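K.L.:
Following this line, the structure appears as structure tokens:
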């Protein structure tokens, strides 16, 4: 089945630093990638997504580009804030179905 | 906005009890899912359902069952709770669509402690 690998955390940054979280996957066919964010004590929220190769998803200053050739969907933000402290999950929707496979999550802590 | 509501945020149950976790969505979504989230293990799929009265096993169904009698409600049942089922349980729903990339909408989660 599909699998998603993302960098382990925790990642600790200072405010206004650059954030990147790597995500790579193995899958058959043409899956669709997502990033979800989980703030403390809450469920997961959709952060951004992409539909086809070279699509760039963006939201709240975060960006990720779907690279089929490297099977990757790395998340980036140019200047993080304390409020970005959360756990970030990379996920992949299978090519022929409706299930999502999640990576292990990366905890990000932004210090003032 | 789609809303997915899980009936309890926190639950404490005793070993051997039968436990029901309820999930309701308000947007007529066909697909519903139950995951558990554990530190270091990420999200693991327990069961999912594509329609009323339909259910499919996920990756870790042992010790669980589900019920979907109405489209909006998907219940997770722990037949006889054990301490290794202490976890955060997340319900999600998703619409079925063609030509668009739909993701899940998650509930806020139920943190279950089995003592």
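Residue numbers (the working numbering), protein chains in the order written: chain A, 48 to 159; chain B, 107 to 221. Glycine included, every Cβ here is placed at the ideal spot set by N, Cα and C. What you are looking at is a predicted structure, and each value in this text was computed from that prediction instead of being measured.
1) State the beta-bridge partners of residue 65 of chain A as determined by DSSP.
2) On a Cα-Cα basis, can you pick out the residue from A:48, A:54 and A:73 that is closest to residue 123 of chain A?
3) DSSP state of residue 191 of chain B, grouped into three classes?
4) In chain order, what residues of the same chain lie with their CB nearer than 6 angstroms to the CB of residue 112 of chain A, ignoring the 5 residues before and after it?
5) Name the DSSP bridge partner or partners of residue 80 of chain A?
6) Rounded to whole angstroms, what is the Cα-Cα separation between residue 200 of chain B and residue 110 of chain B?
7) Would you say residue 150 of chain A faces chain B, with C-beta separation under 8 angstroms as the test?
8) Does residue 120 of chain A get closer than 8 angstroms to chain B when you measure Cβ to Cβ?
9) Taking Cβ to Cβ, would you say residue 209 of chain B is nearer than 8 angstroms to residue 96 of chain A?
10) Consider the Cβ of residue 93 of chain A: report whether some Cβ of chain B lies at a distance smaller than 8 angstroms.
11) Is the segment 126-139 of chain A close to the segment 75-94 of chain A, with three or more CB pairs under 8 angstroms?
12) Give the DSSP-derived three-state secondary structure of residue 129 of chain A in the structure shown.
13) With respect to the beta strand (DSSP E) encompassing residue 152 of chain B, which residues constitute its N-terminal and C-terminal limits?
14) Less than 8 angstroms separating the beta-carbons of residue 113 of chain B and residue 136 of chain B?
15) In terms of residues, what are the limits of the beta strand (DSSP E) holding residue 116 of chain B?
16) Quick test of the definition: if touching needs 3 or more C-beta pairs under 8 angstroms, does the segment 59-73 of chain A touch the segment 185-196 of chain B?
17) Assess, as a yes-or-no matter, whether the segment 153-173 of chain B is touched by the segment 209-219 of chain B under the definition of 3 or more beta carbon pairs within less than 8 angstroms.
18) I'd like the list of long-range same chain contacts for residue 26 of chain A, defined as Cβ closer than 8 angstroms, with 5 residues on each side in sequence excluded.
19) Am I right that residue 183 of chain B and residue 124 of chain B are in contact with their C-beta atoms under 8 angstroms? What's the rounded C-beta distance?
P.N.:
Per the coordinate set shown:
1) None; residue 65 of chain A has no bridge partner.
2) That would be A:54, whose Cα lies nearest to the Cα of residue 123 of chain A.
3) In the three-state reduction of the DSSP assignment, residue 191 of chain B falls in the helix class.
4) Contacts found: 103.
5) Residue pairing of residue 80 of chain A in beta bridges, as defined by DSSP: A:139.
6) Those two C-alpha atoms are separated by around 10 angstroms.
7) Residue contact check for residue 150 of chain A against chain B: a CB pair falls below 8 angstroms.
8) For residue 120 of chain A, the answer is no, since every Cβ of chain B falls outside 8 angstroms of its Cβ.
9) In contact: residue 209 of chain B and residue 96 of chain A (Cβ atoms closer than 8 angstroms).
10) So, interface residue.
11) Yes, the segment 126-139 of chain A touches the segment 75-94 of chain A.
12) Collapsing the DSSP output to three states places residue 129 of chain A in a helix.
13) Counting along the chain, the beta strand (DSSP E) containing residue 152 of chain B begins and ends at 148-155.
14) Contact: no.
15) Per DSSP, the continuous beta strand (DSSP E) segment holding residue 116 of chain B begins and ends at 116-119.
16) Not touching, per the Cβ criterion.
17) Contact fails: fewer than three Cβ-Cβ distances are below 8 angstroms.
18) Chain A is shown only over 48 to 159; residue 26 of chain A falls outside these bounds and no answer can be derived.
19) Indeed they touch by this definition, with Cβ atoms about 7 angstroms apart.
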